[in-house]
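Positions 1 to 392 (UniProt numbering) are the ones given, in order, by the sequence shown. Positions of the beta carbon are idealized from the N, C-alpha and C atoms, including for glycine. Working notes, beginning with the structure itself.
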Amino acid sequence: MYFPLKRKEYGELRPGKFIRAEATKRAYSIQLSPCKQVTRTHRGGVHSVKIEHIEQQYMLSGGADGRIHVYDLNTTPEADGTIRIKSLQGVTRQDRHQYAVTTLSWFPFDTGMFISSSFDKTIRVWDTNTMTPACTFHMDSRIYCQAISPIASHCLVASAADEPRIRLCDLKSGADTHSLGGHAGSILSVAWSPREEHVLYSGGSDGTIRVWDIRRAAACLRLLDQHNSDSSPLSDTNVAHGGGVNGFTFTGNGHYLVSLGLDEKIRLWDTFTLNNTLVNYGSLWRNQFRFYLQASISDTNVWPPLLYVPSDDHQVLVYELHSGVLLRRLRGAYGRVTCAEYRPGYQELYVGSNDSEVLVWEPVNENDQEMVDNSTLGTFQDTWSDSEDEEQ
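This is how it looks when you write it as structure tokens:
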């Protein structure tokens with residue numbers, strides 16, 4: 001690392017290129033942390049972990065026991081060097097969800113509030129400081145997923161539930177505003193576009209992905225088609241997956257959307273053209289449970305970007321996003337992996353599973369750098385090249 005620092009000091013290396021190369025090297029070399037341990041707090045599986053993106057300091061976890069905990073990731077190391085990340089606070093027995101927590105979301109502009117969904121048919125808005133519910137939305141069926149826009153001026157929370165309509169809940173009024181209908185069965189996943197505040201994506205048990213503009217009376221803009229056919233944008237023959245769509249994740253700039261299907265296929269969509277990019281991620285990934293699956297993508301400083309996908313066979317598969325090449329298998333969990341959350345500024349990965357644990361994967365220590373395999377080294381050495389397109 002010192003030679004690149006000298007090059008940067010002498011003006012031979014642009015700061016942006018240096019940051020990108022170091023972030024890429026760290027992201028490609030993660031290992032199961034030998035010193036960071038998240039204290040076991042849940043009595044059932046961990047279904048969701050979320051790190052806020054304002055300070056990247058606090059993390060939420062929600063589990064099958066209906067409980068939610070908040071952690072400080074910047075915990076001071078102990079005398080032996082071990083960093084034990086303990087729960088700062090959790091919801092009380094009286095306030096917890098009656099059934100399993102399915103998803104968690106931080107309020108995008110303030111860490112003092114977060115949102116949860118549960119199989120108890122409620123979406124709750126929480127005060128982080130007191131860990132008490134400030135508002136509760138009661139739904140008609142169990143909820144697989146909820147989402148709030150990371151950029152919007154509106155405060156609408158979209159719900160994906162065991163019914164064929166999306167309900168939009170307004171945090172300002174504490175009531176439902178309207179619903180979006182069109183799916184032929186349950187809705188398993190929803191996600192707001194990170195670049196267009198009124199655009200919403202939904203994935204259903206019918207294998208379709210619908211694109212909505214919530215401002216329009218005829219809100220559905222398009223059904224994504226895995227074959228990129230010339231059929232009508234709203235044709236019933238447009239199908240994204242051969243099974244239910246139970247996971248979404250966007251790249252940081254919102255250019256690409258990754259969808260996860262119960263047909264055990266991963267698809268990458270271009271959100272400008274709304275076409276399938278036809279990247280082949282192989283057939284090694286396992287996904288058989290009708291439950292929201294939380295995947296994650298590395299930050300924009302990592303090139304080529306990495307996709308982290310939880311798999312039913314107790315591991316996280318790490319793919320190169322744009323080529324579909326399987327780079328790593330992150331093993332360590334003793335149960336089905338349900339969620340993977342990337343911490344951008346630190347190139348760390350937090351993984352929750354049905355064994356009630358949250359595992360931490362972090363970049364390999366400088367002293368152990370020789371453990372990184374040659375193929376991975378080649379990847380981030382390419383990042384130093386002056387011929388690299390700075391706009392990628």
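Nearest neighbour of residue i, chosen from the options [CA to CA]
i: Asn-275; options: Gly-16, Arg-328 and Leu-224; result: Leu-224
i: Val-46; options: Leu-321, Val-157 and Ser-118; result: Ser-118
i: Ser-179; options: Arg-124, Ser-232, Ala-158 and Lys-172; result: Ala-158
i: Cys-339; options: Gly-352, Gly-345 and Leu-327; result: Gly-352
i: Gly-63; options: Ile-85, Gly-90 and Thr-75; result: Gly-90
i: Arg-216; options: Gly-207, Phe-250, Leu-200 and Leu-326; result: Leu-200
i: Arg-290; options: Ala-218, Val-245 and Ser-202; result: Val-245
Cβ-based neighbour list, residue i, same chain, cut-off 6 Å, excluding 5 preceding and 5 following
i: Pro-108; result: Pro-150
i: Gln-94; result: none
i: Thr-41; result: His-69 and Ser-87
i: Met-131; result: Gln-89 and Val-91
Distance between residue j and residue i (C-alpha atoms, nearest Å)
i: His-198; j: Thr-82; result: 45 Å
i: Glu-196; j: Ser-296; result: 20 Å
i: Ile-19; j: Pro-305; result: 14 Å
i: Glu-370; j: Val-364; result: Low local confidence applies: a pLDDT of 49 at Glu-370 is under 50, so the model's placement there is unreliable, and no value is given.
i: Ile-143; j: Cys-169; result: 13 Å
i: Leu-321; j: Leu-307; result: 5 Å
i: Met-139; j: Ala-79; result: 49 Å
i: Arg-329; j: Gln-347; result: 17 Å
i: Ser-61; j: Gly-112; result: 16 Å
i: Pro-133; j: Ile-54; result: 22 Å
i: Arg-14; j: Asn-354; result: 44 Å
i: residue 396; j: Thr-102; result: Within the shown structure, residues of the chain are numbered from 1 to 392, placing residue 396 beyond reach of any answer.
i: Glu-362; j: Ala-191; result: 27 Å
i: Trp-126; j: Asp-213; result: 28 Å
i: Thr-75; j: Lys-172; result: 34 Å
In DSSP terms, what residue i is bridged to
i: Ile-115; result: Ser-105 and Val-125
i: Gly-90; result: His-69
i: Ser-202; result: Val-190 and Arg-210
i: Met-59; result: Ile-51 and Tyr-71
i: Ser-159; result: Gln-146 and Arg-167
i: Ser-353; result: Val-337
i: Ile-85; result: Val-38
i: Ser-311; result: Gln-315
i: residue 396; result: As displayed, the chain neither begins before 1 nor continues past 392, which places residue 396 out of reach and without an answer.
i: His-227; result: BP columns for His-227 are empty, so no partner.
Per-residue DSSP class, three states only, for residue i
i: Arg-329; result: strand
i: Gly-247; result: strand
i: Thr-132; result: strand
i: Ile-51; result: strand
i: Ala-295; result: coil
i: Glu-264; result: coil
i: Ala-21; result: helix
i: Tyr-28; result: helix
i: Tyr-346; result: helix
i: Pro-15; result: helix
i: Asn-301; result: coil
i: His-178; result: strand
i: Pro-77; result: coil
i: Glu-320; result: strand
i: Arg-222; result: strand
i: Asp-270; result: strand
i: His-183; result: coil
i: Met-371; result: Because the pLDDT of Met-371 is 47, which lies under 50, any placement of that residue in the model is unreliable, and the number read from its coordinates should be weighed accordingly. In this structure, Met-371 counts as helix in the three-state DSSP scheme.
Contacting residues, own chain, Cβ-Cβ under 7 Å from residue i (five flanking each side not counted)
i: residue 476; result: There is no way to answer for residue 476, as the model of the chain reaches only from 1 to 392.
i: Gly-174; result: Cys-135
i: residue 398; result: Past the boundaries of the shown model lies residue 398; the chain is included only from 1 to 392, so the question cannot be answered.
i: Arg-67; result: His-42, Gly-90, Val-91 and Arg-96
Nonlocal neighbours in the same chain, by C-beta distance under 8 Å from residue i, ignoring five residues either side
i: Ser-385; result: Note that Ser-385 scores a pLDDT of 46, beneath 50, so its modelled location is shaky and nothing firm can be said.
i: Pro-164; result: Gly-181, Gly-182, His-183, Ala-184, Gly-185, Ser-186, Ile-187 and Gly-204
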